[in-house]
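Q:
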Amino acid sequence: MATEVKSLNFIEHIIEDDLKAGFDRDDLRFRFPPEPNGYLHIGHASSICLNFGLGLRYNAPVNLRFDDTNPAKEEKEYVDAIKNDVSWLGFEWDKECYASDYFQQLYDWAVMLIKADKAYVDSQSSEAIAEQKGTPTKPGIDSPFRNRSVQENLDLFERMKNGEFQAGEHVLRAKIDMTASNMLMRDPVMYRILHKAHHRTGNDWCIYPMYDWTHGESDYIEQVSHSLCTLEFAMHRELYEWFVEQIYEEGKVKPKQREFARRNLSHTVVSKRKLLRLVEEGVVNGWDDPRMPTISGLRRRGYTPESIRNFADTIGIAKRENLIDVSLLEFCAREDLNKKAPRVMAVLDPLKLVLTNYPEGETEYVEAENNPEEEEQTYRKLPFSRELYIEKADFREEANRKFFRLKLGGEVRLKNGYIIKAESVVKDEEGNITEVHCTYDPLSKSGSGTPESMRKVKGTLHWVSAAHAKKAEVRNYDRLFTEAEPDRQEEDFMHYLNPESLQVTEAFVEPGLIEAKPGEHFQFQRLGYYNVDPDSKPDHLVFNRTVGLRDSWAKIETK
RNA sequence: UGGCCUAUGGUGUAAUUGGUAACACAGCUGAUUUUGGUUCAGUCGUUCAAGGUUCGAGUCCUUGUAGGCCAACCA
């Protein structure tokens, strides 16, 4: 009995080491800290799965904390969308927190730092401060205001809070070391004046704390044990620890920041700024456009929470740069949908097929299995008649032996129906095939058990009955960009948009689909996985292609 | 003229912490199949470089090389 040993990622190793070193397992606590200034994307999904996954693994609480310290960019709309996305992914947070809830505490601590001569009010312009900051290779120099008296600092800071100054007149800075090799330690700004209404605190405040001052202290307030963020914050760790150290009380958990590499997905962009451009420039129809790598876009596209979680699990977490091929995401979608999605028949590019020996005006109902993956098979009835539609690509007048589909003189099985033989074609003046005339073998009906029905024919086609089929709008999506790394090319990433990322066609679908509800998943047999778009109505069905089926025929054909 | 981080098949991630480099995806063969789907079997291919320590190095040491990040009153 081999016990499956799941290997640990480097974050889990760190936690295990902490536990071994005596850290109390009950003190483990995590958080997912989005800034409510945009929609969550697949990269966030990875972080969500990491943090909440850790919560599950260690049976530890995970807070959802909004890092809302910049009223200029943040809105409640985003808060709601983020909560919705996290829940949809299937995670439950312990507390819903807001950095803005800590504004008073943060202010009090800032006063404490001033009193300890560890913070001061600087009254220079941001340009002057930047100038004095130096460069990575050149040390900074002290501000002329660095040695103001505690009394003066206290007075100024209070008046900043009281709204006596304009934005930009003063800032509060930590007094650390202007010559530090880590530029973040060169007296970082803790507070700036911002006369802006906040989505939660309204006009209560006109000074707002900066990220570095806020984040670690928020973790400390919530007693988060492991604060995980992306690599670009690695340099912030020193500052994070310095700030926490200033307020730390013996016996409490000292939060530990650790950094992991953000996940990059091929053929798309994963940055709020770039995604915003796609939306604003009208390249896509909003944040939830099914081509967007946002969680809302993936949801609308037809990705399931399970498939996204499994994707996050599979790609894992590490510290090196990476570019994950979308084909892995697509694999995760197929893997999940294969088990769940009922099979239905839909013809996207119709060609009329007439069974010349089938009685005119007659309709019969054939049995079709809903999903061969089901443990216990269920079936539905499908109308079958003399005139049907098949895919244009499934017929050729002539073809070689590798073409398993219908050709003149050749036989093929209509899925769940009969074996048919193509006899002749009807063409228009331009020579386009408009109809294929076939004969069918009445004894070959699927499931009838007759010797004729048991015959092996190489090809099986999907079809719909022309008189019974319903029209539907089908939106076929493809990768948004033609390059794997559109934002690492010579030109701006917008140059590499895939002009064929969306193709809309009018299709014929089996009649039962009229009942389909938005969000429902289906496999259009032999084509791909589709789900019902929120735009869909009973009199105007709309389907989105989540992902196509694996297509080994396409590979043979392109050879 | 700095500091921090990283380097394992085409891609992503592991390796019981110094002991047979593996898992998934992708690719390729074949079998099964009333979906050219699924499933199954097989296959290709890997430790950035050079030294060193060691019986033994992906792992430790040294020196390189390559890439990423750092100068917002953003997060």
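With the first letter of the first sequence counted as 1, position 551 gets the number 549 in the numbering used here; the numbers rise by one all the way through.
All C-beta atoms, glycine included, are put in the ideal place defined by N, C-alpha and C.
Since this is a predicted model, take the numbers as computed values, not measurements.
How many angstroms separate the CA atom of V410 from the CA atom of R63?
A: 59 angstroms
Q: Helix, strand or coil for W352 per DSSP?
A: Residue identity check: residue 352 is Val in the sequence provided, not Trp. The answer is strand: DSSP assigns V352 an E or B state.
Q: State buried or exposed for T1, treating a residue as buried only when at least 16 other CB atoms are found within 10 Å of its CB.
A: Confidence at T1 is low in this model, with a pLDDT of 43, below 50, so the placement of that residue should be treated as unreliable; the coordinate-derived value is given next. Counting every other CB atom within 10 Å of its CB across the protein chains shown gives T1 a total below 16, marking it as exposed.
Q: For Y76, count neighbouring C-beta atoms within 10 Å of its own C-beta (all shown protein chains included) and say buried if the count is 16 or more, exposed if not.
A: buried
Q: Of all the options N336, V507, H11, L406, which has the alpha carbon lying nearest to the alpha carbon of P381?
A: V507
Q: Whole angstroms is fine: what's the gap from Y118's alpha carbon to I13's?
A: 37 angstroms
Q: Please work out which residues of its chain come closer than 8 angstroms, Cβ to Cβ, to Y246, disregarding the five sequence neighbours upstream and downstream, and give them in chain order.
A: Contacts found: Y218, K252.
Q: Quick one: give me the first and last residue of the beta strand (DSSP E) that H519 is part of.
A: 519 to 522
Q: Taking the alpha carbon of E360 as the point to measure from, which residue in A465, Q102, E489 has its own alpha carbon closest?
A: A465
Q: Give the secondary structure of V381 by DSSP, where H, G and I count as helix, E and B as strand, and everything else as coil.
A: Going by the sequence as given, residue 381 is Pro instead of Val. The answer is strand: DSSP assigns P381 an E or B state.
Q: What is the rounded straight-line gap between the Cα of A552 and the Cα of E257?
A: Take the alpha-carbon of A552 and the one of E257: they are about 42 angstroms apart.
Q: I'd like the ranges of any beta strand (DSSP E) spanning at least 3 consecutive residues and lying wholly in the segment 473 to 543.
A: 500 to 507, 519 to 522, 526 to 530
Q: Among P207, L547, Q122, K535, which has the Cα closest to the Cα of S325?
A: L547
Q: Tell me which residue opens and which closes the alpha helix (DSSP H) that N430 is part of.
A: Following the DSSP letters along the chain, one finds N430 in no alpha helix (DSSP H), marked with neither H nor E.
Q: Would the beta-carbon of M183 fall within 9 angstroms of that of W107?
A: W107 sits away from M183, with the two beta carbons spaced by 9 angstroms or more.
Q: Whole angstroms are fine: how far does the CA of V109 sit from the CA of A70?
A: 25 angstroms
Q: Compute the beta-carbon to beta-carbon distance between T437 and N369, rounded to the nearest angstrom, for a pair I have assumed lies under 8 angstroms.
A: Contact doesn't hold; Cβ gap of about 31 angstroms is too wide.
Q: According to the neighbour-count rule (16 or more other Cβ atoms, all chains shown, within 10 Å of its Cβ), is H538 buried or exposed?
A: So H538 counts as exposed.
Q: Figure out for me which residue from L154, S179, F163, E162 has the closest Cα to the Cα of R171.
A: L154
Q: Below 9 angstroms between beta carbons: does that hold for F479 and A344?
A: The Cβ atoms of F479 and A344 do not sit closer than 9 angstroms to each other.
Q: So what's T177 in DSSP terms, helix, strand or just coil?
A: coil
Q: Measure the CB-CB distance between Y475 and R299 and report whether it falls below 9 angstroms.
A: yes
Q: According to DSSP, is P207 helix, strand or coil?
A: Reduced to three states, the DSSP call for P207 is strand.
Q: In whole angstroms, give me the CA-to-CA distance for D24 and Y238.
A: 23 angstroms
Q: Spell out the partners DSSP gives C436 in its beta bridges.
A: L353, A420
Q: Look at S44 and I417 and say whether their C-beta atoms are less than 9 angstroms apart.
A: no
Q: Please name the residue, chosen from S451, I46, K74, H224, that lies closest to D83 on a Cα-to-Cα basis.
A: I46
Q: Pull up the distance between the alpha-carbon of I80 and that of G407, whole angstroms please.
A: 58 angstroms
Q: I'd like to check one pair, S98 with H196: are the Cβ atoms closer than 9 angstroms?
A: Closer than 9 angstroms, so yes.
Q: What residue range does the alpha helix (DSSP H) around D140 cover?
A: Where D140 is concerned, there is no enclosing alpha helix (DSSP H), given that its DSSP letter is neither H nor E.
Q: From which residue to which residue does the alpha helix (DSSP H) around S85 run?
A: Run containing S85: 74 to 86, per the alpha helix (DSSP H) assignment.
Q: Let me know the secondary structure DSSP gives A108 once reduced to three states.
A: Three-state DSSP puts A108 in a helix.
Q: Three or more C-beta pairs closer than 8 angstroms, one from the segment 223 to 237 and one from the segment 28 to 42: is that the case here?
A: yes
Q: What residue range is occupied by the uninterrupted beta strand (DSSP E) comprising H224?
A: Boundaries of the beta strand (DSSP E) harbouring H224: 224 to 228, taken from the DSSP string.
Q: Hey, E367 and Q375 are a contact pair by Cβ (cut 8 angstroms); roughly how many whole angstroms apart?
A: 5 angstroms
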